[in-house]
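Quick notes on the structure that follows.
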Amino acid sequence: MPDPDPWDFSEFADPDPRQPRRPDGSGAGDQRGSGLFGPGGQDNAGGAPSNDPFGGSGDQGGLAGADWTGSGTVGVAALEIARPPLPYLGLAAGISLVALLLAALLGAIPGLAITAWVLAGPVAIGVLAYFIKADTAERARPVYAAPGWVRPAYVAALVLCGVAVVVAALRIAFWVGRL
Numbered sequence: 001m002p003d004p005d006p007w008d009f010s011e012f013a014d015p016d017p018r019q020p021r022r023p024d025g026s027g028a029g030d031q032r033g034s035g036l037f038g039p040g041g042q043d044n045a046g047g048a049p050s051n052d053p054f055g056g057s058g059d060q061g062g063l064a065g066a067d068w069t070g071s072g073t074v075g076v077a078a079l080e081i082a083r084p085p086l087p088y089l090g091l092a093a094g095i096s097l098v099a100l101l102l103a104a105l106l107g108a109i110p111g112l113a114i115t116a117w118v119l120a121g122p123v124a125i126g127v128l129a130y131f132i133k134a135d136t137a138e139r140a141r142p143v144y145a146a147p148g149w150v151r152p153a154y155v156a157a158l159v160l161c162g163v164a165v166v167v168a169a170l171r172i173a174f175w176v177g178r179l
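Here it is in structure tokens:
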């Protein structure tokens with residue numbers, strides 16, 4: 001007799017995967033138990049109720065009746081796609097743009113130049129920092145999808161903050177220099 005092939009696992013193959021199989025591995029000709037995770041009523045060893053957590057039991061006490069999704073339905077859980085918190089990015093860019101316009105157009109007034117510097121510096125950069133914190137939390141979720149333009153938009157908002165800070169600081173410096 002030739003040596004059996006060590007890589008031949010055909011004895012474990014399911015001859016017809018569309019037919020349910022019973023926990024003992026027998027075929028689907030007998031529909032008394034309705035499958036490994038289905039609502040079977042009896043164990044295959046003589047009609048006694050099964051205590052197998054993986055087998056089907058009438059009371060659904062094992063894993064068969066467990067609700068793993070938290071949604072009240074048994075089945076595949078719908079995954080929620082996490083996205084970057086874009087409102088914070090837009091808010092930071094908007095605050096920076098307002099600060100830049102305020103510093104460039106009305107920066108000759110010292111109070112408005114200082115206000116523009118505060119808006120562009122601590123406020124807008126603080127909002128960008130919160131964007132990064134919230135985005136990092138979203139990236140830690142199971143599924144994260146960000147559009148390709150988010151990273152360049154973040155860089156543009158950061159550059160806009162920097163330009164607004166520099167313009168406001170120059171206006172403040174020119175005011176202090178004339179004292």
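So for the sequence shown, full-length UniProt numbering puts the first residue at 1; every next one is plus one.
Ideal Cβ placement from N, Cα and C applies to all residues, glycine included.
Residue 172 is positioned such that its CB atom lies no closer than 8 angstroms to that of residue 134.
About 31 angstroms separates the beta carbon of residue 82 from that of residue 99, a gap too long to meet the 8 angstroms contact definition. In this structure, DSSP gives residue 82 an extended state, which the three-state scheme calls strand. If only uninterrupted alpha helix (DSSP H) runs of at least 4 residues are considered, those enclosed by the stretch 82 to 152 are 86 to 106, 110 to 118, 124 to 139. When the five nearest sequence neighbours on each side are left out, the beta carbons in the same chain lying within less than 7 angstroms of the beta carbon of residue 84 are those of 135, 138, 146, 150, in order along the chain. One alpha carbon belongs to residue 111, the other to residue 169, and they sit about 12 angstroms apart.
Of all alpha-carbon atoms in 101, 120, 127, the one lying nearest the alpha-carbon of residue 90 is that of 127.
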